[in-house]
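First up is the structure itself, then whatever we jot down about it.
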Amino acid sequence: MKSILKGLYLIYQCLIAGPIFLVATIITALITAVGSLLGNKDFWGYYPPHYWSRFTCAIFLMRIKVYGHENIDPKTSYVFVANHQGAYDIWAIFGYLNHTFKWLMKKELEKVAFVGLACKCAGQVFVDDSSIGGIKETIAEAEQTLKHGMSLVIFPEGSRTWNGKMIPFKRGAFMLAGEFKLPVVPLTIDGSFKAMPRSTYFMTPTTIKLTIHKPIYPGERGFNTKQLMAQCRETINSALPPEDKDEA
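Next comes the structure, spelled out in structure tokens:
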């Protein structure tokens with residue numbers, strides 16, 4: 042029976058949900074790009090992708106459960122740091138965090154058809170870590186974004202996991218948090234790896250859990266980068282199932 046259901050879902054994904062998703066993605070990207078160019082990029086850069094993400098989860102039969110909304114204030118700017126299990130991390134956060142933000146994303150994503158253009162027009166922050174100058178430019182761009190009361194979402198691993206467990210964090214996300222002296226909110230995503238691991242484009246309907254942890258506030262001197270990185274990793278790890286926990 043399981044193999045039959047899996048086969049039916051594969052047909053549904055390829056012939057129905059996939060084509061609809063592709064059309065919805067192009068339409069959302071165009072709406073986001075045009076709306077952002079006309080004005081109020083904070084609105085157009087968040088709400089169309091927000092509903093597109095919810096639609097994506099629904100059409101591919103993913104169930105999203107969110108815990109900890111009470112831990113964040115919609116009027117406060119944060120730096121959100123999340124583990125990166127798979128592609129559904131993006132849709133889970135965009136669709137269900139319910140807090141306006143900008144992504145801190147890889148520079149190469151700027152080249153993705155339609156989506157890259159939409160992200161650029163909407164003011165998403167692209168990371169160029171190929172040189173010191175590129176890093177300084179990223180910090181300056183992020184600073185301008187945060188001056189307007191916006192939040193940032195960062196995947197400190199830098200790329201998706203290959204086995205469900207967290208890979209080492211990069212210091213850049215936490216250096217930014219220290220630079221801006223904003224509260225840092227760890228996010229734990231559980232189930233995205235099962236839904237769509239990095240090694241395939243085929244999906245498995247499942248429940249994805251998004252846990253919003255309590256903010257970590259900077260002291261008078263800001264953050265100690267090493268301590269902040271360790272604290273965030275430990276917090277994110279605490280909400281993962283035993284098979285995905287970091288045992289290091």
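With this note's numbering, the residue at position 214 of the sequence shown is 255, and numbering never jumps. Think of the CB as a built atom: it goes at the ideal place given N, C-alpha and C, for glycine as much as any other residue. Note that this is a predicted model, so its numbers are computed, not measured.
In this structure, how does DSSP classify residue i when only helix, strand and coil are distinguished?
{"i": "Y108", "result": "strand"}
{"i": "W93", "result": "helix"}
{"i": "M146", "result": "strand"}
{"i": "D285", "result": "helix"}
{"i": "L228", "result": "strand"}
{"i": "V153", "result": "coil"}
{"i": "G80", "result": "coil"}
{"i": "G205", "result": "coil"}
{"i": "I113", "result": "coil"}
{"i": "A260", "result": "The question names Ala, yet the displayed sequence has Gly at residue 260. Looking at G260 - three-state DSSP - the assignment turns out to be strand."}
{"i": "Q272", "result": "helix"}
{"i": "G48", "result": "helix"}
{"i": "Y87", "result": "coil"}
{"i": "I243", "result": "The sequence as given places Phe at residue 243; Ile does not occur at that position. Note: F243 maps to coil in three-state DSSP."}
Along the chain, where does the beta strand (DSSP E) containing residue i start, and where does it finish?
{"i": "A123", "result": "V120 to A123"}
{"i": "T248", "result": "T248 to I253"}
{"i": "L193", "result": "S192 to I195"}
{"i": "F167", "result": "V166 to V168"}
Quick one, which of the options has its alpha-carbon nearest residue i's?
{"i": "L63", "options": "A74, V75, S94 and L46", "result": "S94"}
{"i": "N112", "options": "P224, A271 and P259", "result": "P224"}
{"i": "N278", "options": "P115, H125, Y88 and V75", "result": "H125"}
{"i": "K116", "options": "H140, R104 and T97", "result": "H140"}
{"i": "L71", "options": "S118, T202, A163 and K47", "result": "A163"}
{"i": "V107", "options": "A133, V153, G190 and P60", "result": "A133"}
{"i": "D114", "options": "T276, P256 and K143", "result": "P256"}
{"i": "L217", "options": "F243, I195, I230 and R274", "result": "I195"}
{"i": "A280", "options": "K161, H110 and L251", "result": "L251"}
{"i": "T66", "options": "G48, L145, K143 and C160", "result": "C160"}
{"i": "R239", "options": "A154, I131, R201 and A74", "result": "R201"}
{"i": "L150", "options": "G199, R212 and G136", "result": "G199"}
{"i": "T73", "options": "G80, L79, N81 and W85", "result": "W85"}
{"i": "T69", "options": "G219, H91, M270 and Q54", "result": "H91"}
If we call anything under 8 Å between Cβ atoms a contact, is residue i one with residue j?
{"i": "L193", "j": "V156", "result": "no"}
{"i": "G219", "j": "T276", "result": "no"}
My assumption, with CB atoms under 8 Å, is that residue i sits in contact with residue j. Please give the rounded CB distance.
{"i": "D287", "j": "M191", "result": "Not a contact, Cβ separation roughly 30 Å."}
{"i": "M103", "j": "P246", "result": "6 Å"}
{"i": "D130", "j": "I230", "result": "5 Å"}
Starting from residue i, follow the alpha helix (DSSP H) in both directions and report where the run begins and ends.
{"i": "M216", "result": "G213 to F221"}
{"i": "Y129", "result": "Y129 to Y137"}
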